[in-house]
Amino acid sequence: MELAMFAFATDEVFDRPVDFLAKNPINLHFWTAHPHLHGWMESLYNRKGGAQVFKGVAVELTTDDLLQLAEDLFRDRLRRPVGLGFGISRHCETEDDFGFIVKAWQALADGNTVYYEASW
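Next up, the structure:
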(Lines of atoms letter the chains of each structure in order from A; the text may use other names.)
(Lines give C-alpha, C1' and ligand atoms only; values in the text may rest on other atoms or scores of the structure.)
Protein backbone atom coordinates (compact mmCIF):
# COMPACT_ATOMS: atom_id res chain seq x y z
CA MET A 19 0.00 0.00 0.00
CA GLU A 20 1.67 3.20 -1.19
CA LEU A 21 0.47 6.75 -0.78
CA ALA A 22 -0.13 8.25 -4.25
CA MET A 23 -0.62 12.01 -4.21
CA PHE A 24 -1.79 14.18 -7.08
CA ALA A 25 -2.24 17.85 -7.85
CA PHE A 26 -4.53 18.74 -10.72
CA ALA A 27 -5.53 21.86 -12.62
CA THR A 28 -8.87 22.38 -14.30
CA ASP A 29 -10.70 25.24 -15.97
CA GLU A 30 -13.78 24.31 -13.95
CA VAL A 31 -15.03 26.45 -11.05
CA PHE A 32 -16.62 24.74 -8.06
CA ASP A 33 -19.18 25.94 -5.54
CA ARG A 34 -17.18 24.71 -2.54
CA PRO A 35 -13.46 24.27 -1.78
CA VAL A 36 -13.66 20.56 -0.87
CA ASP A 37 -15.35 17.34 -1.98
CA PHE A 38 -15.96 18.33 -5.61
CA LEU A 39 -15.51 16.20 -8.70
CA ALA A 40 -13.70 17.64 -11.72
CA LYS A 41 -14.70 16.43 -15.17
CA ASN A 42 -11.58 17.49 -17.06
CA PRO A 43 -8.56 17.51 -14.73
CA ILE A 44 -5.04 17.95 -16.02
CA ASN A 45 -2.29 16.27 -14.03
CA LEU A 46 -0.12 19.03 -12.57
CA HIS A 47 2.12 17.13 -10.15
CA PHE A 48 2.60 13.70 -8.57
CA TRP A 49 4.23 12.50 -5.35
CA THR A 50 4.55 9.10 -3.71
CA ALA A 51 4.95 8.41 -0.02
CA HIS A 52 5.29 11.99 1.22
CA PRO A 53 3.13 11.77 4.35
CA HIS A 54 4.28 15.10 5.78
CA LEU A 55 2.83 16.93 2.78
CA HIS A 56 -0.27 14.73 2.83
CA GLY A 57 -0.82 15.60 6.49
CA TRP A 58 -0.55 19.30 5.64
CA MET A 59 -3.15 18.85 2.88
CA GLU A 60 -5.43 16.91 5.22
CA SER A 61 -5.29 19.74 7.76
CA LEU A 62 -6.15 22.19 4.97
CA TYR A 63 -9.06 19.98 3.91
CA ASN A 64 -10.40 19.92 7.47
CA ARG A 65 -10.02 23.71 7.88
CA LYS A 66 -11.99 24.23 4.67
CA GLY A 67 -14.91 22.17 5.97
CA GLY A 68 -14.07 18.68 4.72
CA ALA A 69 -15.81 16.03 6.77
CA GLN A 70 -14.97 12.81 4.94
CA VAL A 71 -12.08 10.43 5.37
CA PHE A 72 -9.26 12.17 3.49
CA LYS A 73 -8.89 9.57 0.74
CA GLY A 74 -9.88 10.23 -2.85
CA VAL A 75 -11.46 13.59 -2.00
CA ALA A 76 -10.47 16.96 -3.41
CA VAL A 77 -9.26 20.09 -1.66
CA GLU A 78 -8.82 23.32 -3.61
CA LEU A 79 -5.49 25.14 -3.34
CA THR A 80 -5.64 28.92 -3.53
CA THR A 81 -2.83 31.43 -3.80
CA ASP A 82 -3.04 31.99 -0.04
CA ASP A 83 -2.83 28.24 0.58
CA LEU A 84 0.26 27.98 -1.62
CA LEU A 85 1.88 30.93 0.18
CA GLN A 86 1.25 29.19 3.51
CA LEU A 87 2.63 25.92 2.17
CA ALA A 88 5.76 27.69 0.92
CA GLU A 89 6.28 29.30 4.31
CA ASP A 90 5.69 26.04 6.15
CA LEU A 91 8.16 24.25 3.86
CA PHE A 92 10.74 27.00 4.28
CA ARG A 93 10.39 26.91 8.07
CA ASP A 94 10.31 23.08 8.14
CA ARG A 95 6.86 23.00 9.74
CA LEU A 96 5.45 19.98 7.93
CA ARG A 97 5.08 17.20 10.47
CA ARG A 98 4.25 13.54 10.12
CA PRO A 99 0.51 13.04 10.53
CA VAL A 100 -0.66 10.87 13.40
CA GLY A 101 -1.99 7.44 12.51
CA LEU A 102 -0.78 7.09 8.94
CA GLY A 103 1.26 4.00 8.23
CA PHE A 104 3.01 5.43 5.17
CA GLY A 105 6.45 5.88 6.67
CA ILE A 106 8.07 9.28 6.87
CA SER A 107 8.95 11.96 4.38
CA ARG A 108 12.60 11.99 3.45
CA HIS A 109 13.00 15.81 3.52
CA CYS A 110 14.70 15.60 0.14
CA GLU A 111 11.29 16.39 -1.37
CA THR A 112 11.45 20.09 -0.48
CA GLU A 113 12.90 21.20 -3.83
CA ASP A 114 10.24 19.18 -5.65
CA ASP A 115 7.54 20.69 -3.40
CA PHE A 116 8.69 24.22 -4.28
CA GLY A 117 8.67 23.19 -7.95
CA PHE A 118 5.05 22.15 -7.51
CA ILE A 119 4.18 25.49 -5.91
CA VAL A 120 5.62 27.35 -8.91
CA LYS A 121 3.58 25.18 -11.32
CA ALA A 122 0.45 25.67 -9.22
CA TRP A 123 0.87 29.46 -9.10
CA GLN A 124 1.22 29.49 -12.88
CA ALA A 125 -1.91 27.38 -13.29
CA LEU A 126 -3.82 29.78 -11.02
CA ALA A 127 -2.45 32.79 -12.94
CA ASP A 128 -3.75 31.14 -16.12
CA GLY A 129 -7.24 31.12 -14.59
CA ASN A 130 -7.41 27.48 -13.52
CA THR A 131 -8.54 25.85 -10.30
CA VAL A 132 -5.80 23.81 -8.62
CA TYR A 133 -6.58 20.98 -6.24
CA TYR A 134 -5.07 18.00 -4.42
CA GLU A 135 -6.22 14.39 -4.04
CA ALA A 136 -4.57 11.25 -2.67
CA SER A 137 -5.21 7.53 -2.62
CA TRP A 138 -3.59 4.36 -1.41
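Just so you know, we're using the numbering used here here: the sequence shown kicks off at 19 and counts up by one. Using N, Cα and C, we set each Cβ at its ideal position, and we do this for glycine too.
One or two residues paired with residue i in a DSSP bridge
i	result
Trp58	BP columns for Trp58 are empty, so no partner.
Leu79	Val132
Phe116	Phe116 is not bridged to any residue.
Val36	Val77
Ala27	Ile44, Val132
Trp49	Met23
Rounded separation between residue i and residue j - CA only
i	j	result
Leu87	Trp138	23 Å
Arg34	Ala40	12 Å
Ala76	Arg95	23 Å
Thr80	Tyr133	8 Å
Phe92	Phe72	25 Å
Arg65	Leu85	16 Å
Arg97	Trp58	8 Å
Asp128	Phe38	21 Å
Ala125	Pro43	12 Å
Contact under 8 Å by Cβ, residue i with residue j
i	j	result
His52	Glu89	no
His56	Ala136	yes
Thr131	Glu78	yes
Ala22	Ala122	no
Presumed contact (8 Å Cβ cut-off) between residue i and residue j, rounded CB distance
i	j	result
Asp83	Leu62	6 Å
Val36	Gly67	6 Å
### Query
Counting pairs of beta carbons, one from the segment 38-50 and one from the segment 111-118, are three or more of them closer than 8 Å?
Judged by Cβ distances under 8 Å, the segment 38-50 makes contact with the segment 111-118, as three or more pairs qualify.
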